[in-house]
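Heads up: the structure comes next, in structure tokens.
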Amino acid sequence: MKKIAFLINLTVVMAFAATVAFADGPSGKPELPNFDKRTAVTNAVSPAKAVGLDPRKAAHDQLRARLPEVSVDTDPIVGSPKYISSNRGFLSGAAGTGGAVPAVAVEAIPATDTNRAVKAFLNEYQGLFGHNATVLDAAKVERDYVDAHNGMRTTVWRQQLDGIDLFEGILKAHVTKKGELINLASHFIADPTAAADKAVGDRAAVLANPPISAAQAVANAGQNVGEQLSVEAVAPKDAEPEGSQRRQQFTAPGLNEATAKLVWLPMDGTTLRLCWDVLLVSRSRGEMFTVLVDAQTGEAVVRICRTAYATPASYRVFTSDSPTPFSPGWSTPNTNQPAQVARSLVTLTSISDFASPNGWINDGVSNTIGNNVDAHLDWDNDNVADPGSRPIGTNRVFDFPLNLTQEPSTYSNAAVVQLFYLNNFMHDKLYDLGFTEAAGNFQTTNFGRGGLDNDAVQADAQDGILVGRANNANFSTPGDGSPPRMQMFLWNGPTPDIDGDFDAEVVLHEYTHGLSTRLVGGGVGISASQTRGMGEGWGDFYGIALLAEAGDNVNGCWARGGYSRTGISGPTFANYYFGGRRYPYSTQLSKNPLTFKDIDPTQASSHAGIPSSPIVGGTADEVHNAGEVWCATLWEARANLITKYGFPGNQLMLQLVTDGMKLSPVNPNFLQARDAILQADLIHNEGANLLELWQAFAKRGMGNSATSSVATANLVFEAFDLPPYIELAVAVDAPTLTWNSGGTANWFTQTAITHDSGDAAQSGDVADNQSSYLETTITGPGTLTFWWKVSSEPTHDKLLFAMDGNTSNSIAGVVDWQPITATVPAGSHTLRWTYSKDFSISANADAGWVDQISFAPPLAVALDATNLTWTTGGSANWAGQIGTTRDSVDAAQSGAITNSQTSYMETTVVGPGVVSFWWKVSSELGYDFLYFSLDGNISNSISGSVNWQLASYAVPVGSHTLRWTYTKDFTFSVGADAGWVDQVAVWPSMVTVTNDSGPGSLRQMIADLPEGHTITFAPNLSGATITLTTGQIPLSRDCTLDASALPGGIIISGNGASRAFYVQPGVTTVLNNLTITNCNAATAPQLAGYGGGILMEGELNLTNCTLANNSASILGGAILIRANRAATFENCTLLQNSAPTGGAIMDEGNLTANNSTFWGNTGTTSGGAIGLSSTATAILNFCTVSSNSSPVGSGLDLPANAALTTISNSIIAANSGSSSNIAGAFTPKGVNLTNGNPL
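Residue 80 is where the sequence shown starts when you use our numbering, and the numbers rise one by one after that.
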């Protein structure tokens, strides 16, 4: 398992057996359950009743007729369509048209409306919702963002009345980048005004002066969670309530924090009550609660616990799962303990520059507080950082002593640094998975990227050490814009105690509670029983998957939280087998037998004979026990994807689970969350992994026929079947194709009669004048082959094969297995196999069978390179196939060869350019190879079991032969004994036109070329100007722009309206012999007003470049160097650029300039040529800074710390506007002159 301490939710710790005296709630108190009095008094509308009401039934029937596989789940309280989805596809086609939505409904919505697909669906099925799309006009858009990795757009609307939110009143929709409506979830009610007037009476009067004051509501809520609290003791912290919701903070004895605001609570679909939404933290319990108090009666109606249990800087930390890393754990129960490892001194700004643009610690800060997390001690458990408890790193090096044989209080600094490191690690990893600012992540500053600021994680290390808190961990998550809190405790099994801050699986588990709370259901929170169980399962899954390593045994046994459970019940406890759960996480049912029924107390099995933890007990529906079932299922899916793709399958599964959270409705049950993951694969991979995902869900009892109650109960029916279309795909050995069946009876999978001794598809049971068909759609050209067989009445009852309705083959009577080959023309075609009976008599088995269907596209098509001419040879030819692909469509596979043979394919291309391709091999490691060569010279090779890898190579000027060769040595065969190549592309790398876009343009080259390649310019463009007319060019991959061969170079003009380049985080760019001119960042999409010519959030090297006449309205007329980034200038000229600070360059990072000239630049406030921030560094060698102007530092404006700037052998002279050419301090080297005097 990967080694970077992470989390696992140990909180609300599972009910342990009596042999160990652990609390099953905070401070030894019994768990305070959630409650919702509406479920006790409301005659909830069930899904069955919902569709039985007009006009709801009519709308439901219409939807089902258009989309038979659609699922409509109804909210049991308000009766709205809680979740409308299909686990096989989307609700509409591209641009919102098709599927369940006719074109006329879409055309009624303006094409410019970004929510066209959603509104068309609402209008078309307003009978189902009780309202049409106009309801969105009065709603507040709470979230609206697009995921960068798949283009999916998420929009969340909040229903309001009188400027006050309806509790959980959201409507959430997801749309693909093609405009397909993925799913829709609604908790809207049809008429909020009528519903409020019905229950409240004089609404205006009650709103103006609620009978129950906010202070009284806080007191009532405090009493409801067990605090002795009177209204007189509640004091306002805010002088006045804020806004229509009258939001106000309060202080009171027994409460660490309390906020009250008004909210409308739907009692059913036609009744609203006005309530105070009180968010508080109980000091005695150490938990965060939401309590809804009726604003007219003072009654507590709903209670939800929000706490879930369970410059470069250097950090001395454990980068594995714990001080004694051992993942996977023992294969059988074993009390042996792994050896302790040493910590590592890790030096980094962040794991992801894009996730953490300012690094984990801001410039000028040297303690454990950053934009993502504030880590500190909280020994007295008062939710306030202990004084002086944020360790200070000398020169930003956080290296503190640690001796785990001593009491944890002796190494508290090391514990805080570990917790700081792990929280930041988690922030960056989840950011890259899509938990961004707009999605509701945890950051103090969101950099203008969406969401609400001021909610960095408050991470409490060694929490409660003075008041006896132990054997737990938790994470409390309020809404976006309010900071969550992580509390990590000690574990008192051995002596001395174990510090939970060092158990990475626990830390990551806890952080995941924040992830799921902010993502699931649009971020309204998690309160239902099944959803809370999945919250624990998600925590376990992320905690171990994010730490996993490529060499781990995918079918091993993972002991989640094994380190913190060391000695927890004495030396006989097998902590590195069981961890903190009943069973280890394993794909082996003999190790982890849990299936869907095990969340249902009426069905759960004891699994006699399988070792289970002696310290973990509790009922089946206890959230941690239910969570084990969910994580075990995700672990199965992960194993399937790793088996298919290699270790990249681990990251793919993390992505699908994260996207699945976003796609889930409010408080989903297990099956709704299952379907959300399946939909995520449809979006992200066009359904390429549905087979592997369904196999995992089916293995753990969540198969196609499984059913579940609403998420507030754990009543389930498990099933282990696959959807028929998946079973048929497996049966005919064509899982990459989408299959349908119909007629009087469907085809089905069976294993009795097959050609491959595995399984095959058999026609359905039909009578006279009936038929049964099997069909799929395929894109040609290519060659189709299959085996078929029939047993029927000769001549009259037939098995037929047709393409696009035209029958080409048929068999009748008793015909044993025979092969058929058919040519498929270019384009999309429907293939159908039909068993058809005439009007009388049945004979023999009266059925047809089909097996081993395969499709081979031409080599050029399979390689996605039809513009190239391909040849193949050797002992066997390469060929197209659809079984093993990178793009989920087709790929080329080497021919079947034996020892000492080869199979090659080749093409000829003309450079200069870059060839890129994906390749894969399954062979005998070190002996059988897949080679790529250019003109007979081997460029690279792969051998063994290598999953799909992207490769790219430069192609020089002229004609060149590219060859891929699979070759075997003289003995042995291992694996599939083949190589595969997919998605071959040859990109030109020479700019040939000055157009801003289109073929041959600089912008197009930068967008197309793979990582790390060089772009050159045609000789006839020497001295030419490329004018940017469509804005700045983003640089998202490492590249070099090289005009060094052109005597006149290349000029890039911003046309007075845009910046030239935006160098994105993590990207290194090299510019050679370019002139950047006439640029302005006033309207730039990132940091408008900063970096007129270039905004640099990556790394940049410039040689022989000129930056002239560029401007910025805030910082860096020519260029802004962001914090912790490095820029190098060699033989460059910067002239007549302007900005308030840093006329030419504003340096917040690290600047090096050699043999460069700064002339005529203007800093209207400071730094005529160059301005430096207080922590930036600069080195100037053999540079000239002259004729620049500024009122402060007419040439240079430097920090007061002379160690940050070095100037050697340079001239800083004849600058104007202030009395000094240089403001600030520096270190001189060599001979420097200013106005004729040594510096």
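Every residue, glycine too, gets a C-beta built ideally from N, C-alpha and C.
In this text the structure is predicted, and so the values were computed from the model without any measurement.
Which residues share a DSSP beta bridge with residue i?
i	result
V151	I163
L1009	I1021, Y1045
P1067	G992
E1209	T1182, N1233
Q328	T338
C56	The requested residue 56 is not part of the displayed model; the chain covers only 80 to 1318.
S889	L879
D373	C354
Rounded to whole angstroms, how far is the Cβ of residue i from the Cβ of residue j, which I believe are closer than 8 angstroms?
i	j	result
A179	L146	4 angstroms
E707	G640	With 8 angstroms as the limit, E707 and G640 do not qualify as a contact, their Cβ atoms being about 12 angstroms apart.
G612	A705	3 angstroms
L371	V381	4 angstroms
P936	G992	Not confirmed; about 25 angstroms, so no contact.
Which residue's Cα is closest to the Cα of residue i: the options?
i	options	result
V1053	T977, P1035, G230, W826	T977
N1152	F1140, L142, R528, A1122	A1122
I544	A518, E486, L512	E486
S1002	L1174, G1023, S1012	G1023
E797	I577, Y804, T591, S788	S788
G1274	T1243, A1281, N1280, S1253	T1243
T255	L263, T1040, I249	L263
A269	Q1111, V1142, V279, G206	G206
I1130	F1008, L1081, Y914	L1081
F726	I243, W1027, W1043	W1027
T1256	G1058, W1238, T1285	T1285
H1092	L1150, K257, T1040, A314	L1150
T791	S784, E701, N502, Y724	E701
P315	E110, R965, A339, L344	A339
G884	G859, T864, Y852, Q897	Y852
Y655	G635, T674, Q667	G635
With DSSP run on the structure shown, which of helix, strand or coil describes residue i?
i	result
K877	strand
Q730	helix
M231	coil
F652	coil
Y1169	strand
L132	Any reading at L132 needs caution, since the residue's pLDDT is 45, under 50, leaving its predicted position unreliable; the model's value is listed next. Residue state, collapsed to three classes: coil.
T1306	strand
H703	helix
Y510	helix
P573	coil
V1036	strand
C710	helix
Q682	coil
Could you compute how far the alpha carbon of residue i sits from the alpha carbon of residue j?
i	j	result
E715	S691	19 angstroms
S1299	F1096	43 angstroms
Y983	D442	55 angstroms
W928	R195	45 angstroms
D103	V695	Caution applies to D103, whose pLDDT of 30 falls short of 50 and renders its modelled position unreliable; the model cannot decide the point.
V745	S423	42 angstroms
D679	A252	31 angstroms
M80	G408	With a pLDDT of 32 at M80, under the threshold of 50, the modelled position of this residue cannot be trusted; read the value that follows with caution. If you take the alpha carbons of M80 and G408, they lie about 10 angstroms apart.
P160	A755	16 angstroms
Q416	Y642	9 angstroms
T681	T786	15 angstroms
V285	Q375	8 angstroms
T121	Y664	In this prediction, T121 has a pLDDT of 46, which is less than 50 and means its spatial position is unreliable; nothing more can be read from the coordinates.
D532	F554	19 angstroms
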